[in-house]
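Residue numbers (my numbering): 62 to 300. Positions of the beta carbon are idealized from the N, C-alpha and C atoms, including for glycine. All values reported here derive from a predicted model rather than from experimental measurement. Remarks on the structure that follows.
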Amino acid sequence: MAKRRGKPPRIPQLGNHGLDDALHAYATDLSSTEPAGLAALRRSTWTQTVKPQMLCDELQGRLLASMSHMIAPTRVLELGTFTGYATACWAEGLTPEGTVDSVDVNDELHPIQDKHWAQLNVADRIRRHTGKAMDILDSGVLFDADPRPFDVVFVDADKEHQQAYVDWAIDHVRDGGWIVVDNVLWWGEVLRVQDGTSEDPYAVRIHELNAHMKGHPDLDNVLLPLRDGLHVARRRPRG
Ligand SMILES: C[S@@+](CC[C@H](N)C(=O)[O-])C[C@H]1O[C@@H](n2cnc3c(N)ncnc32)[C@H](O)[C@@H]1O
Numbered sequence: 062m063a064k065r066r067g068k069p070p071r072i073p074q075l076g077n078h079g080l081d082d083a084l085h086a087y088a089t090d091l092s093s094t095e096p097a098g099l100a101a102l103r104r105s106t107w108t109q110t111v112k113p114q115m116l117c118d119e120l121q122g123r124l125l126a127s128m129s130h131m132i133a134p135t136r137v138l139e140l141g142t143f144t145g146y147a148t149a150c151w152a153e154g155l156t157p158e159g160t161v162d163s164v165d166v167n168d169e170l171h172p173i174q175d176k177h178w179a180q181l182n183v184a185d186r187i188r189r190h191t192g193k194a195m196d197i198l199d200s201g202v203l204f205d206a207d208p209r210p211f212d213v214v215f216v217d218a219d220k221e222h223q224q225a226y227v228d229w230a231i232d233h234v235r236d237g238g239w240i241v242v243d244n245v246l247w248w249g250e251v252l253r254v255q256d257g258t259s260e261d262p263y264a265v266r267i268h269e270l271n272a273h274m275k276g277h278p279d280l281d282n283v284l285l286p287l288r289d290g291l292h293v294a295r296r297r298p299r300g
């Protein structure tokens, strides 16, 4: 039987992974309203891109922005820029000299990013890198302008190399730095991998990644069942 690829349907009885749609809407309504500039970027994404569902939702965006304010990072790395929505959320809490390096293979999205990063006044805080994430990571270019390790690495590019990205991040975040990985529940399919009823290759890899992060001696982790799952891990101090 041919293996199913891509995003599987949600498991109906779980709704939004236990946070059902009504509660998700309640949590969104009772959280800070999405800033107007980001709402405009959301509209552009839905009207001008082929896969707008890749965009993070309002609640997750506010969570990333809150994390940025809590950490007050000087260096953030994002793998998977897309239209630059999460990039702008991470930019919200940067220190005055802070920057976000963001990597994406798709240069067709640059006009949307340029327009909205300018409107959001974050363009000068973002260093854009175009190419396959693994190539950019291996090239050393991320440390050309600034040799300091990252405070945060946000992994949200292709799902094939997530574990390699996380392992790279473990070596390149500062002591006590943060690694955040999106889409770690694969719309519930990881449960079927765990109980042996699914061999979906994406879900298998994601389940392996979650287990890898939980068992990694250099990480403390929490897997948040928000939307499609956000894995948040703190890099334990070296030595
Ligand atoms: C889920 S979207 C990122 C969403 C974005 N972080 C946000 O929250 O708005 C995934 C992005 O990864 C990019 N991508 C896919 N494969 C990649 C690769 N090998 N290297 C770099 N980027 C890749 C895609 O072009 C796409 O824009």
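Q.
Are the CB atoms of Ala149 and Glu139 within a distance shorter than 8 Å?
A. Position 78 of the sequence shown, counted from the start, is the residue given in the question as residue 139. Position 88 of the sequence shown, counted from the start, is the residue given in the question as residue 149. Ala149 is positioned such that its CB atom lies no closer than 8 Å to that of Glu139.
**Q.** Opening and closing residue of the beta strand (DSSP E) in which Ser200 lies
**A.** For the purposes of this step, residue 200 is identified with residue 139 of the sequence shown, where counting begins at 1. That residue, Ser200, is in no beta strand (DSSP E); its alpha helix (DSSP H) goes Ala194 to Ser200.
Q. Where does Asn271 sit, in a helix, a strand or coil, going by DSSP?
A. Within the sequence shown, residue 271 is the residue found at index 210, counting from 1. In the structure shown, the three-state DSSP call for Asn271 is helix.
Q. Since Gly290 and Leu246 are thought to touch, with beta carbons under 8 Å apart, how far apart are those beta carbons, to the nearest angstrom?
A. The residue labelled residue 290 in the question sits at position 229 within the sequence shown. The residue labelled residue 246 in the question sits at position 185 within the sequence shown. Rounded, the Cβ-Cβ distance is 3 Å, consistent with contact.
Q: Report, in whole angstroms, the separation of the C-beta atoms of Asp217 and Gly141, which I expect to be a contact under 8 Å.
A: Taking the sequence shown and counting its residues from 1, the one referred to as residue 217 is at position 156. Taking the sequence shown and counting its residues from 1, the one referred to as residue 141 is at position 80. Right, their Cβ atoms sit about 4 Å apart.
(Q) Distance check for Leu181 and Thr160, CA to CA, integer angstroms please. (A) Start at 1 with the first residue of the sequence shown, and residue 160 comes out as number 99. Start at 1 with the first residue of the sequence shown, and residue 181 comes out as number 120. Straight-line spacing of the CA atoms in Thr160 and Leu181 works out to 15 Å.
Q: Measure the Cβ-Cβ separation of Trp178 and Gly145 and say whether it is below 8 Å.
A: Here residue 178 refers to the residue found at position 117 of the sequence shown. Here residue 145 refers to the residue found at position 84 of the sequence shown. In contact: Trp178 and Gly145 (Cβ atoms closer than 8 Å).
Q. Hey, Pro210 and Gly238 are a contact pair by Cβ (cut 8 Å); roughly how many whole angstroms apart?
A. Position 149 of the sequence shown, counted from the start, is the residue given in the question as residue 210. Position 177 of the sequence shown, counted from the start, is the residue given in the question as residue 238. Your pair Pro210 and Gly238 checks out as a contact, with CB atoms roughly 7 Å apart and the cut at 8 Å.
Q.
Tell me the rounded alpha-carbon separation between Val213 and Ala194.
A. If you number the sequence shown from 1, residue 213 lands on position 152. If you number the sequence shown from 1, residue 194 lands on position 133. The alpha-carbon atoms of Val213 and Ala194 are separated by roughly 16 Å.
Q. Can you tell which of Gly98, Asp81, Ser127 and Arg104 has its C-alpha closest to the C-alpha of His92?
A. Residue numbering aside, residue 92 sits at position 31 when the sequence shown is read from its first letter. A small correction: the amino acid at residue 92 is Ser; His does not occupy that position in the sequence shown. Here the closest residue by C-alpha is Ser127.
Q: May I ask which residues mark the beginning and end of the alpha helix (DSSP H) holding Asp228?
A: Position 167 of the sequence shown, counting from 1, holds the residue named residue 228. It spans Gln223 to His233 - the alpha helix (DSSP H) in which Asp228 sits, taken as one unbroken run.
Q: Would you grab the beta carbon distance between Ile173 and Ser129 for me? Rounded to a whole angstrom, and I think it's under 8 Å.
A: Stepping through the sequence shown from its first residue, residue 173 is reached at position 112. Stepping through the sequence shown from its first residue, residue 129 is reached at position 68. Actually they are not in contact, since the Cβ atoms of Ile173 and Ser129 sit about 21 Å apart, beyond 8 Å.
Q) For ligand 1, is there a heavy atom less than 7 Å away from the beta-carbon of Met131? A) Here residue 131 corresponds to residue number 70 of the sequence shown, with the count starting at 1. No, the beta carbon of Met131 sits no closer than 7 Å to any heavy atom of ligand 1.
Q | CA nearest to the CA of Cys117, picked from Trp151, Met131, Val137 and Ala133 | A | Taking the first residue of the sequence shown as position 1, residue 117 is located at position 56. Relative to the Cα of Cys117, the nearest Cα in the group Trp151, Met131, Val137 and Ala133 belongs to Trp151.
Q: Figure out for me which residue from Glu169, Ile231, Val164 and Asp90 has the closest Cα to the Cα of Gln109.
A: In the sequence shown, the residue the question calls residue 109 occupies position 48. Nearest C-alpha to Gln109 among Glu169, Ile231, Val164 and Asp90: Glu169.
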